[in-house]
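Q:
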Amino acid sequence: MIWNVLFLDFPGYPQQLWARIWTRKGFRHVMAFAYDADNKQWLFVEPQPGQVIVRIAEAVDVERFIHFAKRNGKALSWTEQHCVTHGYSLRTCVSMMKDVIGFRGFCFTPHGLYRAMLKAGAEPTFEGEV
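Residue numbers for the sequence shown follow my numbering, so the first one is -13 and each next one is one higher.
#1: In the DSSP output, which residue or residues are listed as bridge partners for Thr111?
#2: Our contact map puts Ala61 next to Val(-9) with C-beta atoms below 8 Å; I'd like the distance itself, whole angstroms only.
#3: Secondary structure at Gly91, three-state DSSP: helix, strand or coil?
#4: Return the residue from the list Pro33, Phe13, Ala106 that minimises the CA-CA distance to Gly91.
#5: Please name the residue in Ser63, Gln67, Gly59, Pro96 whose C-alpha comes closest to that of Arg77.
#6: Residues in its own chain within less than 8 Å of Val116 by CB, not counting five upstream and five downstream?
#7: Could you work out which residue in Asp(-5), Thr9, Leu(-6), Ile(-12) is closest to Phe94 when comparing CA atoms only?
#8: If we count the other Cβ atoms within 10 Å of its Cβ and call it buried at 16 or more, is Leu104 buried or exposed?
Now the structure itself:
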């Protein structure tokens, strides 16, 4: 499955103090969406404190989300890989997203994940398409 991993700030999105201190503007949160060809449906995955929200979406919702992504964040395309995850890591949006998309690499912040994914071969998505 090919994931579109989105790095962004949400206007008005409540942030914990540590997130405002340790993250960069434009890279305060990470989420992803992908098309599941086997089941012919779009999946949205958004890590939240203590949980991961997974939604099935209609094509119209996907178009709106892509428009939102183009205007409010940066996105990378990543082909899902199998990797062994360890349940003892700090459960941040980054660590949960790494588990979902099958990314291995040391990073703690969304900006660190963005840089590590680029270095590992992820491709920028939606650039210059507003």
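C-beta atoms are modelled at their ideal positions from N, C-alpha and C, and glycine is treated no differently. Values in this document were obtained by computation on a predicted structure and should not be read as measured data.
A: Concretely, from the data shown:
#1: Note: Thr111 sits in a beta bridge opposite Ala61.
#2: Going by Cβ atoms, the distance from Ala61 to Val(-9) rounds to 6 Å, so yes, they are a contact pair.
#3: Coil.
#4: The option with the nearest alpha carbon to Gly91 is Ala106.
#5: Its Cα nearest to that of Arg77, the residue Pro96 stands out among Ser63, Gln67, Gly59, Pro96.
#6: Note that Val116 has pLDDT 43, beneath the 50 cutoff, so the model's placement of it is unreliable and no number is given.
#7: The shortest Cα separation from Phe94 among Asp(-5), Thr9, Leu(-6), Ile(-12) belongs to Thr9.
#8: The Cβ neighbour count for Leu104, taken over all protein chains shown within 10 Å, is under 16; the residue is labelled exposed.
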